[in-house]
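Colleague: Numbering (the numbering used here), first residue to last: 1214 to 1558.
Mind having a look at this structure? Questions to follow.
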């Protein structure tokens, strides 16, 4: 029996990536696409590559969308836009996967501090499951509200979890330096993303107040059992897709690089989209796929462990991970509809 899925926020990069992936998922029927600013428009008017399809942006209410859906994907900005669909889904006994930051942080005050907005339904936070399959698969299976992780956070968390779990590093020493392609900033035009101002440049931003910081800290603290505080430095590079993150931390056990590779391979052995690689990873190797590649190095002069991780910010960092979570929620093989490798070159 086909799972009926709806996508709210089809006009953004996350929404259209969901559409592309779900369109080819063997167990999914897309029953509704929605864009607040494009009601009545055919999908081909928004994206000419889909001009052969007859999907039209609905003018349905959240309740009406929930009525016809088994699962709703909300790919809209934080700040309350997704909450109506979450409430409708709960009322109708349906599942919702939210790609915004609305439900990622468990603490309302932390959310309001970092996102500088009021959370209007904090009572929903406790029931939302943080959708990182490599850490929370059992909780995801039972989830009705799924908070899909951010792109930087997925890259940074998965790089550091094995080290904290085995208490190999000084947990106060974690620095995450990450470089992202510009699609992570969304589709809305902005001056700093204008081609003449972006191209052939490389800029830091959001230091030290980037909103993904508390999300990374929340998950690493759960693993460590201690309150983790990190230094996080995001950077923008003139490419479309991809994140490359390098995590630095102090090696307090004298663990060798060989031992670290053994640890990571053992820790992620049942995680089909985590690839522990020997060579230094390249965003080209994961672009267009749901994989994250991780390599480990040790600097013997400084006694630091360096973990290098790469992923596609729109897929494993957003829409692909959302579908991975959906598979788990509906008791499907985790990899279903996501077996594709990236495009090259």
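Glycine included, every Cβ here is placed at the ideal spot set by N, Cα and C.
On the CB-based measure, 16 or more other CB atoms within 10 Å of its CB, does residue 1539 come out buried or exposed?
Modeller: The residue is buried, with at least 16 neighbouring Cβ atoms inside 10 Å.
Colleague: If you count every other CB in all the chains shown that lies within 10 Å of the CB of residue 1333, and 16 or more means buried, which is it?
Modeller: By the neighbour-count rule (16 or more Cβ atoms within 10 Å), residue 1333 is not buried but exposed.
Colleague: What whole-angstrom Cβ distance do residue 1477 and residue 1519 have, given they're in contact under 8 angstroms?
Modeller: The pair is not a contact, with the Cβ atoms about 13 angstroms apart (cut-off 8 angstroms).
Colleague: Relative to the C-alpha of residue 1379, which candidate in 1220, 1289, 1446, 1464 has its C-alpha closest?
Modeller: That would be 1464, whose Cα lies nearest to the Cα of residue 1379.
Colleague: Please determine, among 1278, 1232, 1383, the residue with the shortest C-alpha to C-alpha distance to residue 1256.
Modeller: The shortest Cα separation from residue 1256 among 1278, 1232, 1383 belongs to 1232.
Colleague: I'd like to check one pair, residue 1454 with residue 1506: are the Cβ atoms closer than 8 angstroms?
Modeller: For residue 1506 and residue 1454, no; Cβs fall outside 8 angstroms.
Colleague: Can you check which of these residues, 1479, 1485, 1341, 1317, is closest to residue 1432 by C-alpha distance?
Modeller: It is 1317 whose Cα lies nearest to the Cα of residue 1432.
Colleague: Nearest to residue 1292 by alpha carbon, out of 1381, 1391, 1392, 1335?
Modeller: Among 1381, 1391, 1392, 1335, the Cα nearest to that of residue 1292 is on 1335.
Colleague: Could you give the C-beta distance for residue 1311 and residue 1295, rounded to a whole number, given that I count them as a contact under 8 angstroms?
Modeller: At roughly 5 angstroms, the Cβ-Cβ gap stays under 8 angstroms, so residue 1311 and residue 1295 are in contact.
Colleague: Tell me whether the beta-carbon of residue 1494 lies closer than 8 angstroms to the beta-carbon of residue 1521.
Modeller: Against a cut-off of 8 angstroms, the Cβ pair of residue 1521 and residue 1494 comes out as a contact.
Colleague: Check the DSSP bridge columns for residue 1417 and list the partner residues they point to.
Modeller: BP columns for residue 1417 point to 1448.
Colleague: Is the separation between the beta-carbon of residue 1285 and that of residue 1298 shorter than 8 angstroms?
Modeller: Contact flag set, yes.
Colleague: Quick one, are the C-beta atoms of residue 1550 and residue 1536 less than 8 angstroms apart?
Modeller: The answer is yes: Cβ separation under 8 angstroms.
Colleague: Nearest CA to the CA of residue 1499: which residue from 1345, 1426, 1552, 1260?
Modeller: Nearest option by C-alpha distance: 1552.
Colleague: DSSP state of residue 1504, grouped into three classes?
Modeller: DSSP places residue 1504 in coil when its eight states are reduced to three.
Colleague: Could you say if the region 1467 to 1477 and the region 1363 to 1383 meet the contact criterion of at least three C-beta pairs nearer than 8 angstroms?
Modeller: These segments touch.
Colleague: What span of residues does the alpha helix (DSSP H) with residue 1350 cover, start to end?
Modeller: First-last of the alpha helix (DSSP H) with residue 1350: 1346 to 1354.
Colleague: Identify the continuous beta strand (DSSP E) that holds residue 1390 and give its terminal residues.
Modeller: Per DSSP, residue 1390 belongs to the beta strand (DSSP E) from 1388 to 1393.
Colleague: Under a Cβ-count criterion, where at least 16 other Cβ atoms within 10 Å of its own Cβ denotes burial, should residue 1265 be classed as buried or exposed?
Modeller: Exposed, because fewer than 16 other Cβ atoms sit within 10 Å of the Cβ of residue 1265.
Colleague: Looking only at its chain, what residues have a beta carbon closer than 7 angstroms to the beta carbon of residue 1350, apart from the 5 residues adjacent to it on each side?
Modeller: Hits under 7 angstroms: 1541.
Colleague: Identify the continuous alpha helix (DSSP H) that holds residue 1468 and give its terminal residues.
Modeller: No alpha helix (DSSP H) holds residue 1468; DSSP gives it neither H nor E.
Colleague: Report yes if the C-beta distance between residue 1466 and residue 1384 is below 8 angstroms; otherwise report no.
Modeller: Not closer than 8 angstroms, so no.
Colleague: Give me the Cβ distance between residue 1283 and residue 1216, rounded to the nearest whole Å; I'm assuming they're in contact under 8 angstroms.
Modeller: About 5 angstroms separates the two Cβ atoms, so the contact holds.
Colleague: For the 8 angstroms Cβ check, are there 3 or more pairs between the region 1391 to 1405 and the region 1342 to 1361?
Modeller: No, the region 1391 to 1405 does not touch the region 1342 to 1361.
Colleague: Sort 1468, 1411, 1471 by Cα distance to residue 1448 and report the nearest one.
Modeller: Minimum Cα distance to residue 1448 is reached at 1411.
Colleague: From what residue to what residue does the beta strand (DSSP E) around residue 1520 run?
Modeller: 1517 to 1524 is the extent of the beta strand (DSSP E) around residue 1520.
Colleague: Any idea which residues DSSP pairs residue 1490 with across the strands?
Modeller: Partner(s): none; residue 1490 has no beta bridge.
Colleague: Run the CB neighbour count on residue 1417, radius 10 Å, all protein chains shown included, and call it buried at 16 or more, exposed below.
Modeller: It is exposed - the Cβ of residue 1417 has fewer than 16 other Cβ atoms within 10 Å.
Colleague: Buried or exposed: residue 1486, going by 16 or more other Cβ atoms within 10 Å of its Cβ?
Modeller: Residue 1486 is buried by the Cβ-count criterion.
Colleague: Return the chain-ordered list of same chain residues with a C-beta closer than 7 angstroms to the C-beta of residue 1236, the five sequence neighbours on each side being excluded.
Modeller: Closer than 7 angstroms at Cβ, skipping near neighbours: 1243.
Colleague: Using alpha carbons as the reference points, say which of 1403, 1413, 1470, 1348 lies closest to residue 1512.
Modeller: Among 1403, 1413, 1470, 1348, the Cα nearest to that of residue 1512 belongs to 1470.
Colleague: Output the boundary residues of the alpha helix (DSSP H) element that contains residue 1279.
Modeller: Note, residue 1279: alpha helix (DSSP H), 1275 to 1281.
Colleague: For the beta strand (DSSP E) that residue 1330 lies in, which residues bound it at each end?
Modeller: Where residue 1330 is concerned, there is no enclosing beta strand (DSSP E), given that its DSSP letter is neither H nor E.
Colleague: Below 8 angstroms on the Cβ atoms is my contact criterion, and I expect residue 1561 with residue 1459 to pass it. Report the Cβ-Cβ distance as a whole number of Å.
Modeller: Residue 1561 lies beyond the stretch modelled for the chain, which goes from 1214 to 1558, so this question has no answer here.
Colleague: Based on the DSSP output, what are the partners of residue 1286 in its beta bridges?
Modeller: DSSP, once it has assigned bridges, lists 1220, 1310 as partnering residue 1286.
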